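In my numbering, the protein residues as written are 308 to 421. Below is one structure, written out as structure tokens, with a few remarks after it.
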């Protein structure tokens, strides 16, 4: 296991793109592991961004998706890394232009992995 640790990204976490757009799980997490009755999201789940106001030279270039890249030594559910607020991630535009990392505010503290 790596030296990185953090809070689980659960259904109570507030996630936004670096420009303030809201990040939402587009797929329902499929793991059987639950936190407060809700499935725990993993790196295999799809996350979309809505309401990103980002522009370049007055041309809209909003964030549309988030891709997570957890550490190799991450905690696994069914062989897939769980998402921690310290997990590496990148927001992308529809043209797959990197836009910066998402901002994760874990609303629930006390569940630590690592």
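In this text, a Cβ means the ideal position worked out from N, Cα and C, and glycines have one as well. Keep in mind the model is a prediction, meaning the values are calculated, not measured.
{"Query": "Straight-line Cα distance separating residue 362 from residue 371", "Result": "13 Å"}
{"Query": "Which of helix, strand or coil DSSP assigns to residue 319", "Result": "coil"}
{"Query": "Residue 394 versus residue 376: straight-line alpha-carbon distance, rounded", "Result": "7 Å"}
{"Query": "Reduced DSSP category for residue 331 - H, G, I as helix; E, B as strand; rest coil", "Result": "strand"}
{"Query": "Nearest-angstrom beta carbon gap, residue 409 and residue 353 [assumed within contact, 8 Å]", "Result": "Contact doesn't hold; Cβ gap of about 14 Å is too wide."}
{"Query": "Beta-ladder partner(s) of residue 373, from DSSP", "Result": "354 and 398"}
{"Query": "First through last residue of the beta strand (DSSP E) which encompasses residue 411", "Result": "410 to 412"}
{"Query": "Residues near residue 396 by beta carbon distance below 6 Å, same chain, minus five either side", "Result": "373, 375, 408 and 409"}
{"Query": "Residue 320 vs residue 412 beta-carbon contact at 8 Å", "Result": "yes"}
{"Query": "Residues bridged to residue 365 (per DSSP)", "Result": "Bridge partners of residue 365: none, in fact."}
{"Query": "CB contact flag (residue 391, residue 342, <8 Å)", "Result": "no"}
{"Query": "C-alpha distance - residue 399 paired with residue 389, whole-angstrom precision", "Result": "20 Å"}
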